[in-house]
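All remarks here apply to the structure that follows.
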Amino acid sequence: MAAPEPEHDCPRCPRLADFRQDQRKAHPAWFNGPVPCFGLAGARLLIVGLAPGLQGANRTGRPFTGDHAGELLYRTLLDFGFAAGRYAADPGDGLTLRNTMIVNAVRCVPPQNKPLPAEIKACNMFLRERIISMQGLAAIVALGRVAHDAVLAALERRKSAFPFAHGAEHVLAGTKLFDSYHCSRYNTNTGVLTPEMFQAVFARVRNYLDPL
108 MAAPEPEHDC
118 PRCPRLADFR
128 QDQRKAHPAW
138 FNGPVPCFGL
148 AGARLLIVGL
158 APGLQGANRT
168 GRPFTGDHAG
178 ELLYRTLLDF
188 GFAAGRYAAD
198 PGDGLTLRNT
208 MIVNAVRCVP
218 PQNKPLPAEI
228 KACNMFLRER
238 IISMQGLAAI
248 VALGRVAHDA
258 VLAALERRKS
268 AFPFAHGAEH
278 VLAGTKLFDS
288 YHCSRYNTNT
298 GVLTPEMFQA
308 VFARVRNYLD
318 PL
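Note that my numbering has the sequence shown beginning at 108, numbered continuously upward.
Here it is, written out as structure tokens:
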């Protein structure tokens, strides 16, 4: 079952649409549109981020590609067998995902990397339909509280019943949700998230999907 994707000129969020137009004028060679999912539609693992970075996915058209967050994410996915090939911060680098898909809670780049609550809500239908379409889905990794809350909204679960915390795990009707702090430059530079903390989350995901 295919999930709908936002059109390249998606009008659902006027502020984001205006910002997108500004970026198209300033950088006409950039992707400058709602960034599509990356990976396998039949994957068992779904990784949910926040939103495209201005000079990352908004520029390249692939989630977490071209910015600092992608360096840690893709290195970790390669280390744990969720990706194959070589990450070179370019959609043409030949990197592939293994039984994994990556998507953002908000598909369009927001000013200052901060989507508004109404924008997160407006984009949630795409996340919901994506999750529904993944019939073999067994695990979700939420990168940050916004992604965590977006997953709960998509699955119509109460936030209070599933509090966000780095390293937390939640069982959601046959799918397990794993929480991690977002792998942003701010979090890694300030020590809020270390590579070891991030890798520990994916080690547990690997063990959950493929127990010894």
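Glycine residues also receive a C-beta, built at the ideal position from the N, C-alpha and C atoms.
{"Asked": "CA-to-CA distance, A110 to R237, given in whole angstroms", "Found": "5 Å"}
{"Asked": "Of the residues F126, R313 and R169, the one placed nearest C144, counting alpha carbons only", "Found": "R169"}
{"Asked": "T297 to D197 span [Cα, whole Å]", "Found": "27 Å"}
{"Asked": "Beta-carbon contacts of N139 that lie in its chain and below 7 Å, excluding the five residues immediately before and after", "Found": "R127, Q130, R131 and N165"}
{"Asked": "Per DSSP, the bridge partner or partners of A249", "Found": "V155 and D286"}
{"Asked": "Among L147, V210, R122 and E112, the one whose alpha carbon lies nearest that of Q242", "Found": "L147"}
{"Asked": "Contact the segment 245-252 vs the segment 282-290: 3+ CB pairs below 8 Å", "Found": "yes"}
{"Asked": "Beta-carbon spacing of P118, A158 below 8 Å", "Found": "no"}
{"Asked": "Test item: CB-CB of A245 and L316 under 8 Å", "Found": "yes"}
{"Asked": "Host beta strand (DSSP E) of T207 (start-end)", "Found": "T207 to N211"}
{"Asked": "N-terminal and C-terminal residue of the beta strand (DSSP E) that L279 is part of", "Found": "E276 to L279"}
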